[in-house]
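Residue numbers (UniProt numbering): 1 to 405. Backbone N, C-alpha and C fix where the C-beta goes; we use that ideal spot for every residue, glycine too. Owing to the predicted nature of the structure, the values given are computational and were not obtained by experimental measurement. Beneath this line is the structure, given in structure tokens, with notes to follow.
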């Protein structure tokens with residue numbers, strides 16, 4: 001299933017149908033209702049639609065301007081019929097195949113086994129890489145303009161992003177391997193769509209639904225990690241005592257509460273944990289989780305629409321912030337700041353925010369990152385924030401180019 005600016009294309013068994021893009025979310029519901037899988041196979045993603053929903057899908061939810069033309073799909077979801085499951089503890093591998101015909105399942109498994117036993121094709125040892133950084137003057141000017149909207153009372157915060165672009169003649173999976181080693185996160189993904197790839201290491205849940213409960217994670221406020229435990233605790237204390245970081249986090253928690261409340265039963269919304277510190281490989285963040293029980297008439301897709309896009313990549317109030325993003329950013333966001341994950345049977349869903357993500361199109365790549373702009377933001381500091389946030393992705397690209405691990 002693929003969506004562009006006008007239509008949705010659904011392909012199954014070499015048969016393709018089209019529909020207006022406004023039917024995108026309804027078509028997901030229809031497809032999921034048709035899927036039936038063996039429930040004894042305890043794999044949450046089994047029988048799921050997997051892929052990404054790009055930032056501009058918000059225009060199916062809110063009436064927003066659009067200055068930019070998307071040259072790639074706004075969303076793409078696939079139904080995998082083959083699975084390779086790795087158990088890293090026991091060092092075991094399980095193959096799964098899905099089909100209505102058991103004999104076809106057997107053929108798929110045989111084919112997978114043959115491919116896994118075939119000789120490995122070793123990657124290129126090295127490749128030239130060129131990276132162009134966002135223009136500092138242009139970004140700082142956009143930050144200054146955003147602050148005029150804040151002073152005028154239009155918004156409290158807006159997340160302005162920009163792009164690092166470059167060329168790399170190397171298979172994107174080599175970059176994914178480095179990213180997984182350098183920057184492991186709760187959501188690691190490598191999506192191969194043939195003419196483009198998405199590689200990412202996202203720490204942040206956008207919306208998750210399980211057992212009729214919806215969850216949104218708010219992450220805002222960042223410090224680097226130290227190898228020294230005492231220094232690491234000092235950095236945590238500094239982070240939690242920073243008025244700017246905590247104020248931004250509280251605002252985003254309130255936004256998440258509001259989003260969940262749109263689809264949750266009255267009185268069921270809670271925040272737990274609240275303003276804890278989550279530690280990742282290279283950074284620590286202030287983390288809160290908002291949850292609520294879905295209303296009887298609501299489902300996982302309603303929950304996604306309520307929380308899409310995340311406040312951490314848009315701003316507050318969300319709709320006005322997105323109008324300003326459209327006015328100040330110089331390119332469509334594409335997959336960046338949208339969602340990556342799966343819609344599963346039985347109203348199960350797990351979507352992360354598409355941040356710390358690299359988009360590959362042939363030999364070209366794009367790393368897009370954003371910074372939260374508030375009333376006292378210093379433009380030059382926000383530009384440095386872009387450099388810091390792109391750091392791990394750029395490092396993975398450079399390591400892959402050199403052939404280093």
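Report the residue from the options whose alpha carbon sits nearest the alpha carbon of residue i.
i: residue 133; options: 387, 404 and 228; result: 387
i: residue 34; options: 85, 53, 286 and 100; result: 100
i: residue 122; options: 173, 110, 75 and 142; result: 173
i: residue 86; options: 96, 78, 106 and 79; result: 96
i: residue 285; options: 120, 222 and 152; result: 222
i: residue 362; options: 104, 170, 240 and 246; result: 170
i: residue 112; options: 15, 94 and 126; result: 94
i: residue 148; options: 235, 375 and 331; result: 375
i: residue 150; options: 64, 324 and 67; result: 324
i: residue 339; options: 50, 16, 14 and 4; result: 50
i: residue 411; options: 265, 270, 229 and 402; result: Within the shown structure, residues of the chain are numbered from 1 to 405, placing residue 411 beyond reach of any answer.
i: residue 264; options: 283, 307, 244 and 275; result: 307
i: residue 281; options: 392, 383 and 266; result: 392
i: residue 296; options: 322, 268 and 276; result: 268
i: residue 84; options: 55, 92 and 77; result: 92
i: residue 76; options: 14, 276 and 192; result: 192
i: residue 65; options: 72, 56 and 194; result: 56
i: residue 238; options: 61, 277 and 128; result: 277
i: residue 165; options: 145, 130 and 146; result: 130
i: residue 79; options: 253, 136, 13 and 114; result: 13
Exposed or buried, which one is residue i when buried takes at least 16 other CB atoms within 10 Å?
i: residue 138; result: exposed
i: residue 441; result: Residue 441 lies beyond the stretch modelled for the chain, which goes from 1 to 405, so this question has no answer here.
i: residue 314; result: buried
i: residue 272; result: exposed
i: residue 305; result: buried
i: residue 249; result: buried
i: residue 245; result: buried
i: residue 329; result: buried
i: residue 357; result: buried
i: residue 372; result: buried
i: residue 116; result: exposed
i: residue 354; result: buried
i: residue 229; result: exposed
i: residue 120; result: exposed
i: residue 89; result: exposed
i: residue 110; result: exposed
i: residue 394; result: buried
i: residue 342; result: buried
i: residue 106; result: exposed
i: residue 194; result: exposed
For residue i, which residues of its own chain have a beta-carbon under 6 Å away from its beta-carbon, when the five flanking residues on both sides are left out?
i: residue 209; result: 300, 303 and 349
i: residue 240; result: none
i: residue 255; result: 311 and 316
i: residue 179; result: 201 and 396
i: residue 274; result: 288
i: residue 81; result: 98
i: residue 102; result: none
i: residue 322; result: 64 and 314
Starting from the C-beta of residue i, find all residues in its chain whose C-beta is less than 7 Å away, skip the five residues before and the five after it, and write them out in chain order.
i: residue 359; result: 196, 198, 334, 335, 365 and 366
i: residue 44; result: 344 and 348
i: residue 232; result: 225 and 226
i: residue 176; result: 190 and 199
i: residue 251; result: 156, 157 and 316
i: residue 262; result: 306
i: residue 466; result: No answer is possible for residue 466: the residues shown for the chain start at 1 and end at 405.
i: residue 259; result: 216, 306 and 307
i: residue 145; result: 328
Might you give, ordered along the chain, the residues of its own chain that have their beta carbon closer than 8 Å to the beta carbon of residue i, omitting 5 neighbours on each side?
i: residue 213; result: 291, 292, 293 and 294
i: residue 8; result: 1, 2, 18, 19, 20, 21, 23, 24 and 27
i: residue 399; result: 178, 182 and 405
i: residue 16; result: 9 and 10
i: residue 67; result: 326 and 327
i: residue 61; result: 305 and 308
Pull up the CB-CB distance for residue i and residue j, whole angstroms please, since I reckon it's below 8 Å.
i: residue 420; j: residue 312; result: Residue 420 cannot be examined here, being either before or after the span of the chain that is shown, 1 to 405.
i: residue 29; j: residue 154; result: Actually they do not touch by this definition, with Cβ atoms about 35 Å apart.
i: residue 332; j: residue 58; result: Wrong, their Cβ atoms sit about 12 Å apart, outside the cutoff.
i: residue 161; j: residue 337; result: 7 Å
i: residue 204; j: residue 217; result: 6 Å
i: residue 157; j: residue 368; result: The Cβ separation is near 18 Å, so there is no contact.
i: residue 126; j: residue 384; result: Not confirmed; about 30 Å, so no contact.
i: residue 4; j: residue 70; result: 7 Å
i: residue 207; j: residue 298; result: Actually they do not touch by this definition, with Cβ atoms about 12 Å apart.
Do residue i and the ligand PLP come close, with the Cβ less than 7 Å from some heavy atom?
i: residue 398; result: Ligands displayed in this structure: none; no statement on the ligand PLP is therefore possible.
With a threshold of 8 Å between beta-carbons, can residue i be considered close to chain B, or not?
i: residue 234; result: Any reference to chain B falls outside this structure, which holds one protein chain only.
- Message: Any contact between the segment 172-191 and the segment 200-209? By contact I mean 3 or more CB pairs, one from each, below 8 Å.
- Response: Touching, yes.
- Message: Taking 8 Å as the cut-off, does the segment 377-386 touch the segment 136-155 (at least 3 CB pairs, one atom from each stretch)?
- Response: At 8 Å Cβ cutoff, the stretches touch.
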